[in-house]
Amino acid sequence: MNFDLSDEARMLQDGLRRYLAEAYTPAARKDAVEHGFSGDIWAGLAEMGVIGALFPEEQGGFGGTGFDIALVFEELGRAGAVDPLIDTGLLGGGLLAAAGRDDLLEAVIAGEMQLALAHTEPGGRYDLARVATTAQEDGDGWTLSGRKAVVVNAPRADRIIVSARTSGAAGDTDGLSLFLVDPERLTLAPYPLVGGGLASEITFDGVTLPPDALLGEAGQAYAALEAAQARATLALSAEALGLMEAIRALTTDYLKTRKQFGQPIGKFQVLQHRMADVLIEIEQARSAVINLAGHIDTDDRDLHLHATKNLIGNVAKLVVEESIQMHGGIGVTEEYDLGHLAKRLTMVDHRFGDALWHLERFIALRAA
Amino acid sequence: MNFDLSDEARMLQDGLRRYLAEAYTPAARKDAVEHGFSGDIWAGLAEMGVIGALFPEEQGGFGGTGFDIALVFEELGRAGAVDPLIDTGLLGGGLLAAAGRDDLLEAVIAGEMQLALAHTEPGGRYDLARVATTAQEDGDGWTLSGRKAVVVNAPRADRIIVSARTSGAAGDTDGLSLFLVDPERLTLAPYPLVGGGLASEITFDGVTLPPDALLGEAGQAYAALEAAQARATLALSAEALGLMEAIRALTTDYLKTRKQFGQPIGKFQVLQHRMADVLIEIEQARSAVINLAGHIDTDDRDLHLHATKNLIGNVAKLVVEESIQMHGGIGVTEEYDLGHLAKRLTMVDHRFGDALWHLERFIALRAA
Amino acid sequence: MNLDYTDDQKAFRDEVRAFLDEKLPERLTEKGRGTRALTKADHEEWHAILNEKGWLAGNWPEAFGGAGFDAVQRHILEMEMTRAGAPRIVPFGIAMLGPVLQKFGSKEQQDHYLPRILNGDDWWCQGYSEPGAGSDLASLRCEAVRDGDHYVVNGQKTWTTLGQHANMIFCLVRTSKEGKPQEGISFLLIDMETPGVEVRPIVLIDGGAEVNEVWFSDVRVPVENLVGDENKGWTYAKYLLTHERTNIAGVGFASAGLDSLKRIARAEQDGDRKLIDNPHFAARMARIEIDLMAMATTNLRVVSAAAAGQAPGAESSMLKVKGTIIRQEINALTRTAVGPYAMPFQSEAVEGANEAPIGPDYAAKATGAYLNNRKLSIYGGSNEVQRTIIAKSMLEL
Amino acid sequence: MNLDYTDDQKAFRDEVRAFLDEKLPERLTEKGRGTRALTKADHEEWHAILNEKGWLAGNWPEAFGGAGFDAVQRHILEMEMTRAGAPRIVPFGIAMLGPVLQKFGSKEQQDHYLPRILNGDDWWCQGYSEPGAGSDLASLRCEAVRDGDHYVVNGQKTWTTLGQHANMIFCLVRTSKEGKPQEGISFLLIDMETPGVEVRPIVLIDGGAEVNEVWFSDVRVPVENLVGDENKGWTYAKYLLTHERTNIAGVGFASAGLDSLKRIARAEQDGDRKLIDNPHFAARMARIEIDLMAMATTNLRVVSAAAAGQAPGAESSMLKVKGTIIRQEINALTRTAVGPYAMPFQSEAVEGANEAPIGPDYAAKATGAYLNNRKLSIYGGSNEVQRTIIAKSMLEL
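Chains as they are written, first to last, in our numbering: chain A, 8 to 375; chain B, 8 to 375; chain C, 2 to 398; chain D, 2 to 398.
This is the structure in structure tokens:
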């Protein structure tokens, strides 16, 4: 049992924290918020090996454990970073790796390729098997028909991985296949996301793809999707932890400096105790992230996945609401840093399943 | 719309509050806690017309509205009274009234007869239809077989009303019948209840009853049981409100007098704000009781029944836990008044359905 | 005790419903439900319709052109308007300034300003909060120095809602630094066209810009614009705050929000069932509804007591706290209900907002409303201030 | 980072399990699960078994006859004992007084008292709290006045757990009224057989009488029973409180309580299903379990840091607060789980408690445990005191 970081991990953590503190200026963040990511910073991250840290050596990286992922994303969260490392790295990259496409993965790790996963569909909520989009094979390749919802990073992606059904019906885990699509074949109307970044709705209206667009084995994509999303959920949870820490630091500072009724508001016992409860819950979130990181490659993965994402969702709500309340009016203004962090933290509950969704699945697993 | 009490109601309230404040001495309460009720006080309540206030004129009373019931039980709760007015008055008396047994009801209203309802069975929890006890008719009357759980007031009852199945199976609403049983036919081992009073487990092992033991029509008792329990639930909710008020008063006094760290603990902002939340929730409980009282004879009865008992259960937990916490060690001692009140208030959630039980039924009604 | 409306009250409710059926423009209710913001003209249109009926100022005595409704009638009117999706009556002139002028204003001020509020000639906004003086109003610093027939005002106000539409602002200003902080405050009416007044929007977390900073640089205000006595503004401000607390519980908004949430939950697919049939979702929603059912009755009790002439005390504070908690929980659960479609940033302030929304219509406002309504527990006396009021009135400390 | 035990730690865990399998008397675990209280003899029997193995004082250095375990080993021992249903090690001698004597006691005190603790010759209890000085220990008033070779002690202690079994008590007494309140306190060892010591039970809300008042009337205590220096007792008391906080999170108790709750929920019929399949019940239970999974890891982090020589700071306070909340919620949900059978009053203190319980076995303790365990958030520094510690260490105010 050992909760200390290895020397390599600590070096990466220190380096990344320092880099982001310097590079992620207000201007860079604004750029990333509006345009999905900031090219310079993306290159900087790649150069530091941050993308490579998400993959094991056999896939061309030098990390890939749950703790590596947690470390990287906690720092990105702390900086309020917008860059789509989840989409390009863990979702897109993870699926490329599962399909053995080392050629493309190399470009991803080098920071030269952006990816997006077009999976969720309108009305599909968080159910990974609820895909109705179809891919029909004919002599010349594949024809895709269907709709995809809130495809994060699609407007900036060099390739989009699209899930579609080659057999079965929405809700089946069998029959899902993945396709690698050049976005130039699609019409993408970008829109902004709360907390920054870009996404698109995508309609496939008989889009044709060459035969080699198929990624991995036809009909067998569910397990790879599940594994990639589990790692993405760990990343998002760790990002949430970093956001919580940044918000806590901001709020603590505010409590010390803001005066009302003749004293710093941090002198008010009621705010002290509520802040203590916030701190306790953030420690719970930290342990939950550790639990998931430590079990991401074990049989207990899903139990911890559901427990962690449920807890993160609940704590995120508490942290957002209490920090805004303690700030008062300034907490709901766009200009102040808290707004950006609070929005990103709020959105954590809307990807890969919210607290209620994971609660129900935790109960089901425990009853099984 | 009018939230004022009528003059008669106000007189009853004032009289009852004064009477209980005087008569319900620590010795009288101890007597009632240990023996189920105190004879003098029971007679006093009957003489004041408190039992009669639970019944409408056509049943020999002079009240019987939801607001009459709420008024009486709020005062009983405020005094921490143990006397089994729910069992004798609303359950037993209500079922006698429904069966047209005015002869016995007269004795109840006069305070001369105590009743108990033997209905719940081991494993039956709060489901009114989950009765497996059977009553078989033969030429000479009825034979009862089965078990009843936690029959409140059985050891002190002059008559016990027993529910049993004359047809159907546990869970059916049809096929339930009621029987009036002389407790001398039974072996009752009394045991004490948390918060005071006595109960028994009852085993019917082929107990024979005369033909006229049947109360009302055979197989048709469910609606009467439901109505009686709805009124009993209103009474229990109002009692809970009275208990909350008594606990609040005790806690407020304690906060003003108990000193720690050099000042009354009520000066600590944290306790002030938590006490404010307690007060807010007690006002919610008061409104919930009013809602149920106002709808007890309407089509919306069950919606308000489930809403009110759910809310009462949740607020009771908050009030008990916060008041004990604010008292510190003395709050968990038997000698101090809070103990008795907190125990009674805690037990409210264990009769006629707890907060979770009513939540599920509220949801089902809303979905219907 | 009787929970039903009297026959008169029922008749009034029916009259309100008939009026709303006939006169409330469909275009305005659609805007309220959709993603588009109400414009200044929209508000003015609705005020004019109400004024024509004589119901714009339900709380004003008939002598001042109001409807002279009692608390129950006002409650009925508010509930029915909310239920019908009518725009909210902009409170600054009607609900806030009006009662102050009626109680403390001069005859000239009453004769001049009150009709202009009803007619829509003036759009008022509120100059109370300052940076550094949010819940702690007594510490405000914006100052007015007497100079002949004028006060010269310098300083800054903030959180001025809809100030961008206003031509007039009522302000608390410091006219003396002697004595206790609240003793040197005066209540001043300022024409926003006066040189030196500047309004700057504050962009909020949901992208909207409904609140503003208002800056005063050597703004000359005629002394006749002082309400009541100099240095007595604190008294008038407290009186105003009491009146602001009409409908403080927001039962109508909560009911409308809950109805909307239920519609969403019935529409959203959640695996093989609708979201409303997800027991965990249903439990959270039921708890809110049960809380709201109780609070609505608490509100009626306070309204009923007010109609009988009793002044609400700590009950207002209780309603404020519980009411904002309930509304915020409805907002939070609505955000949860829309699932991944909470993520698109769909603000009125963002270009292209008049395009079709991303995802289902009902999702467009969910996240913005959640974020924006965090303010409910902050403004109008934060919930922390309310809890202290409740505790003091109960603990007598 | 690695969440697994090392091979050595696993081997130790297996050794503990084998020991418990062999040596823990079934009679004692049955008592723990049933309705009967452990007697003094039961505790002494278990202590003797542990002492024979050398594991009674896991936290003591080997030089004093302890096991010299590090924090992780102590954690493993505690978790395994709790899981096996072993009686708790009575903390007053082993966990509390022992470390104080080892750090601040004289050689004579160490040589005399420490072996007697291990052998079970002395049963210690704690004299800290007084009426009027609960969480505010510095305000205590029980006084010791020097008279030749003795202190004469007068005053009262309260909440003295298991004092009815004890022959010795360690007390905080006031030896000076000068300076700050905490500066005049001394740490005194008192033989309870001394004339003038009186123990009176306090009956608790669950009917049990495990705590006591201890009264001192002109009790003469030899000066050699003073630990360390006069008026320095506050320092020793704080040191003791730190040690008391071993296992402050109560993860073992919580896990055992959750297991028991699950067994009950699987046994309880709820309409046509088992209670554990009631989604609303299952949701409350899952939330507790999810919280506990996280807290167990927080606890391991603190334990691991302690094993590496780091002194826990505000983390102890966080574990105390969260740990008591979780345990109390388990108690509350267990009470809920047993349904109507929470109503019978089934106390160890009530005559006839050795008869068969009313209703299912598992129901007998539910209400008593819920009520009694309200104390968890009160004693050992109330959760309010802990939150203040957390806030101060974080806000640096």
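Note that the Cβ used here is the ideal one computed from N, Cα and C, for glycine as well.
Since we're looking at a predicted model, the values are computed, not measured.
Exercise for the section: Check the Cβ of A/F275 against every Cβ in chain B and list those closer than 8 Å, keeping chain order. Expected result: Result: Q276.
Handout entry: DSSP beta-bridge partners of D/A152
Key = Reading off the sequence shown, one finds Tyr at residue 152 of chain D, where the question assumed Ala. Answer is D/R147 and D/V222.
Practice task
Under 9 Å between beta-carbons, which chain C residues line up against A/Q267? List them in chain order, please.
Solution key: What A/Q267 touches in chain C, judged by beta-carbon distance under 9 Å, is G133, A134, G135, S136, D137 and S140, going in chain order.
Exercise for the section: Whole angstroms is fine: what's the gap from D/S256's alpha carbon to D/G324's? Expected result: A direct Cα-to-Cα measurement between D/S256 and D/G324 gives close to 11 Å.
Practice task
For A/M18, count neighbouring Cβ atoms within 10 angstroms of its own Cβ and tell me buried if that reaches 16, exposed if not.
Solution key: Classification for A/M18: exposed.
Exercise for the section: Under the assumption that B/L250 contacts B/R358 (Cβ atoms under 8 Å), give the Cβ distance between them as a whole number of angstroms. Expected result: Not quite, the Cβ-Cβ distance comes to about 13 Å (not below 8 Å), so this is no contact.
Handout entry: Beta-carbon separation (whole angstroms), D/L1 vs D/N226, contact threshold 8 Å
Key = Absent from the structure is residue 1 of chain D, since the part of chain D shown begins at 2 and ends at 398.
Exercise for the section: Check each candidate in B/H42, B/T150, B/A30 and B/A34 and name the one with the smallest Cα separation from B/G51. Expected result: The residue from B/H42, B/T150, B/A30 and B/A34 with its alpha-carbon nearest to that of B/G51 is B/A30.
Handout entry: For B/Y198, the residue or residues it bridges with in DSSP
Key = Answer is B/A206.
Handout entry: Beta-carbon gap between C/Y363 and C/A333 smaller than 8 Å
Key = 8 Å or more divides the Cβ of C/Y363 from the Cβ of C/A333.
Practice task
Report the option in B/V158, B/V159 and B/E144 whose CA atom is closest to the CA atom of B/S152.
Solution key: Ranked by how close their Cα comes to the Cα of B/S152, the residues B/V158, B/V159 and B/E144 have B/E144 in first place.
Practice task
Select from A/A161, A/F268 and A/I93 the residue whose C-alpha is nearest the C-alpha of A/I58.
Solution key: Ranking the options by Cα distance to A/I58, first place goes to A/I93.
Exercise for the section: Could you tell me which of B/N9, B/D134, B/H311 and B/E128 sits nearest to B/S244, measuring between CA atoms? Expected result: Answer by Cα proximity: B/H311.
Handout entry: Extent of the continuous alpha helix (DSSP H) to which A/D284 belongs
Key = Where A/D284 is concerned, the enclosing alpha helix (DSSP H) starts and stops at Q276 to H302.
Handout entry: Interface residues of chain C facing D/H48 [CB-CB closer than 8 Å]
Key = Within chain C, no C-beta atom comes less than 8 Å from the C-beta of D/H48; the nearest is roughly 47 Å away.
Practice task
Indicate whether A/F69 and A/A60 have their beta-carbon atoms separated by less than 8 Å.
Solution key: A contact, by the Cβ cut-off of 8 Å.
Exercise for the section: Tell me, to the nearest whole angstrom, how far the beta carbon of D/A87 is from that of D/L25; I am working on the premise that it is less than 8 Å. Expected result: Contact flag correct, Cβ pair sits at about 5 Å.
Exercise for the section: For chain C, find out if any of its Cβ atoms is closer than 8 Å to the Cβ of B/E82; answer yes or no. Expected result: Contact with chain C is absent for B/E82, since none of that chain's Cβ atoms lies less than 8 Å from the residue's Cβ.
Exercise for the section: Quick one: which residues of the region 289-319 of chain C get their C-beta closer than 7 Å to a C-beta of chain B? List them in chain order. Expected result: Here the close residues are I291, D292, M294, A295, M296, T298, T299, L301, R302, S305 and M319.
Practice task
To the nearest angstrom, report how far apart B/P190 and B/E288 are at their CA atoms.
Solution key: Spanning the alpha carbons of B/P190 and B/E288 requires a straight line of approximately 42 Å.
Exercise for the section: Would you grab the beta carbon distance between D/K77 and D/V153 for me? Rounded to a whole angstrom, and I think it's under 8 Å. Expected result: Going by the sequence as given, residue 77 of chain D is Ile instead of Lys. Incorrect: roughly 46 Å between the Cβ atoms, too far for contact.
Problem - Amino acids of chain D, ordered along the chain, whose beta-carbon sits closer than 8 Å to that of A/T259 - result: What A/T259 touches in chain D: M395 and L396.
Exercise for the section: Please state if the CB of B/A39 and the CB of B/V75 are separated by a distance shorter than 8 Å. Expected result: The question names Val, but residue 75 of chain B in the sequence shown is Asp. Their beta carbons are not under 8 Å apart, which means B/D75 does not touch B/A39 by this criterion.
Exercise for the section: Have a look at A/L200 and B/K263 and give me their C-alpha separation to the nearest angstrom. Expected result: A/L200 and B/K263 have their alpha carbons spaced roughly 52 Å apart.
Practice task
Flag this pair as yes or no: are the beta carbons of D/G164 and D/V198 separated by less than 8 Å?
Solution key: No. Outside cutoff.
Problem - 8 Å Cβ cutoff, C/D271 in contact with chain A - result: Output row for C/D271: interface = yes.
Practice task
Name, going along the chain, the residues of the region 286-306 of chain A whose beta-carbon falls closer than 7 Å to a beta-carbon of chain D.
Solution key: Of all residues in the region 286-306 of chain A, L286, I287, E290, Q291, S294, A295, I297, N298 and G301 have a Cβ within less than 7 Å of some Cβ in chain D.
Practice task
For B/T5, count neighbouring C-beta atoms within 10 Å of its own C-beta (all shown protein chains included) and say buried if the count is 16 or more, exposed if not.
Solution key: The structure shown does not extend to residue 5 of chain B, since chain B spans only 8 to 375, so no value can be given for it.
Practice task
Rounded to whole angstroms, what's the CA-CA distance from C/A312 to C/A72? Just pull it up for me.
Solution key: Note on geometry: alpha-carbon atoms of C/A312 and C/A72 lie some 11 Å from one another.
Practice task
Could you confirm whether any beta carbon from chain D is found closer than 8 Å to the beta carbon of A/I370?
Solution key: For A/I370, a Cβ of chain D is located within less than 8 Å of the residue's own Cβ.
Problem - Proximity winner among C/T389, C/D43, C/V212 and C/D8, relative to B/Q276 (alpha-carbon distances) - result: Of the candidates C/T389, C/D43, C/V212 and C/D8, the residue whose Cα lies closest to the Cα of B/Q276 is C/T389.
Handout entry: Whether D/A392 touches A/H365 by CB criterion (8 Å)
Key = Against a cut-off of 8 Å, the Cβ pair of A/H365 and D/A392 comes out as no contact.
Problem - Residue interval of the alpha helix (DSSP H) (run including D/N388) - result: Rather than Asn, the amino acid found at residue 388 of chain D in this sequence is Arg. Per DSSP, D/R388 belongs to the alpha helix (DSSP H) from N384 to L396.
Practice task
Measure from the alpha carbon of D/D137 to the alpha carbon of each residue in D/A357, D/G272, D/L396 and D/E385, then state which is nearest.
Solution key: The candidate whose alpha carbon is nearest that of D/D137 is D/E385.
Practice task
Would you check if the distance between the CB atom of B/S330 and the CB atom of B/G336 is smaller than 8 Å?
Solution key: Contact annotation: B/S330 and B/G336 have beta-carbon atoms that are not nearer than 8 Å.
Practice task
Determine the DSSP secondary structure at D/V351, reduced to helix, strand or coil.
Solution key: Unreliable positioning characterises D/V351 in this predicted model, as indicated by a pLDDT of 43, which lies under 50. A coordinate reading is not provided.
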